[in-house]
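S.K.:
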Amino acid sequence: MAEPTLAKELVPASPDYVGLVDASGEGVGGVWLSGNKKLQATVWRLEWPQEIKTLLATKVLTINDLEMAGNLLGWLVLEGMGVDIRHCHVALLNDNASAISWIVNWASHSSGPAGRLIIALALRQRVRRASPLTPAHLAGKLNVMADLASRSFGYKKEWHCDSWDSFLTLFNRLFPLPNKSSWQAFQLSSKIVTRVTAILQMKEFGMEEWKKLPKIGTSISSAGACFCNLGEL
Numbered sequence: 004m005a006e007p008t009l010a011k012e013l014v015p016a017s018p019d020y021v022g023l024v025d026a027s028g029e030g031v032g033g034v035w036l037s038g039n040k041k042l043q044a045t046v047w048r049l050e051w052p053q054e055i056k057t058l059l060a061t062k063v064l065t066i067n068d069l070e071m072a073g074n075l076l077g078w079l080v081l082e083g084m085g086v087d088i089r090h091c092h093v094a095l096l097n098d099n100a101s102a103i104s105w106i107v108n109w110a111s112h113s114s115g116p117a118g119r120l121i122i123a124l125a126l127r128q129r130v131r132r133a134s135p136l137t138p139a140h141l142a143g144k145l146n147v148m149a150d151l152a153s154r155s156f157g158y159k160k161e162w163h164c165d166s167w168d169s170f171l172t173l174f175n176r177l178f179p180l181p182n183k184s185s186w187q188a189f190q191l192s193s194k195i196v197t198r199v200t201a202i203l204q205m206k207e208f209g210m211e212e213w214k215k216l217p218k219i220g221t222s223i224s225s226a227g228a229c230f231c232n233l234g235e236l
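My numbering numbers the first residue of the sequence shown as 4 and each following residue consecutively.
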C-alpha cells in the first residue's frame with residue numbers, strides 16, 4: 004500500500020537546508036549551507052561540456068535553460084551528500100527570475116528543455132519525500148559564492164582554477180568559514196552529468212530513469228568540518 008502523504012510534504016516552511024546556485028556560459032555551481040539542521044558547508048562546480056556551450060552560443064539553449072539545469076544539479080548534490088531530506092524543507096536561491104518562476108509554478112511555457120528539467124526535479128523531490136522546494140530570488144551581487152563556482156573555468160584570470168585543490172584554496176580564501184574551518188567540495192559523477200546534459204540536448208527522456216539514479220558523486224572532504232549557515236558568512 005502506498006505511504007500516505009504527510010502535511011510536511013505539502014506545506015513549505017523555514018528551510019532545514021539552504022542552497023545557492025548559479026549558471027553561466029562556461030559552467031554551473033553553488034553551495035549548500037545549514038538552515039534549521041546542520042549541514043557541512045559544501046561547494047560544487049561543473050564545467051559545461053563543449054556541446055552545451057555550443058548550443059548556448061548558437062541560441063538553441065538559453066541561459067534560463069542552464070539556470071534550470073543548475074537548480075536540478077544543485078538538488079542532486081544535496082542528495083549525493085547523503086543527507087536525509089525526508090520531510091525536510093529545502094530552500095534554493097538563484098538570481099534567475101525565469102528559473103525561479105518555473106519551480107514556483109512547476110511549469111514552463113518554454114519550448115526548450117525546461118519542462119523536462121522541472122519534471123526531473125519534481126520526481127526527485129517526490130522520491131525523497133521532501134517537503135515542497137522553496138525557490139527564492141537572490142540578487143546577483145549577493146550570489147557571489149555561486150557566481151565564482153560557475154565562473155571558475157576561465158571567466159576571470161583571478162578566478163580560473165584548473166583543479167579542485169586550487170579552487171578550494173581560492174574559495175577558502177575568499178569565503179572563510181568560522182573557526183578557520185574549510186569548505187567541503189562535491190564532485191558530480193559523469194553518469195549524472197550525462198543524464199542532465201541529455202535533457203539539455205533534448206534527447207529521449209524517460210521518467211523511470213529519474214526515479215532511480217546511479218551514484219550522484221563524491222564528497223571531497225577536508226579536515227575540520229564546518230556546519231555553517233548563510234548568516235555567518
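Don't be surprised by glycine CBs; every beta carbon is placed ideally from N, CA and C.
1) On a Cα-Cα basis, can you pick out the residue from V24, D19 and P18 that is closest to K144?
2) In terms of DSSP beta bridges, what is I66 paired with?
3) Which class does I219 belong to by DSSP, given the choice of helix, strand or coil?
4) Taking the alpha carbon of S185 as the reference point, which residue from K194, F174, S193 and S192 has its own alpha carbon closest?
5) What separation, rounded to the nearest whole angstrom, lies between the Cα atoms of L151 and E161?
6) In terms of residues, what are the limits of the beta strand (DSSP E) holding V46?
7) Beta strand (DSSP E) containing V86: first to last residue?
8) Only counting the same chain, and skipping five residues up and downstream in sequence, which positions put a Cβ closer than 6 Å to that of V34?
9) Which of the three DSSP states, helix, strand or coil, is assigned to P138?
10) So, helix, strand or coil for S113, using DSSP?
11) Can you tell me where the beta strand (DSSP E) holding S37 begins and where it ends?
12) Could you tell me if R129 is buried or exposed, where buried requires 16 or more neighbouring beta carbons within 10 angstroms of its beta carbon?
M.R.: The answer reads as follows:
1) V24
2) Note: I66 sits in no beta bridge, so no partner.
3) coil
4) F174
5) 10 Å
6) T45 to E50
7) Careful: V86 lies outside any beta strand (DSSP E) and carries neither H nor E.
8) L23, V46 and M148
9) strand
10) coil
11) G30 to S37
12) exposed
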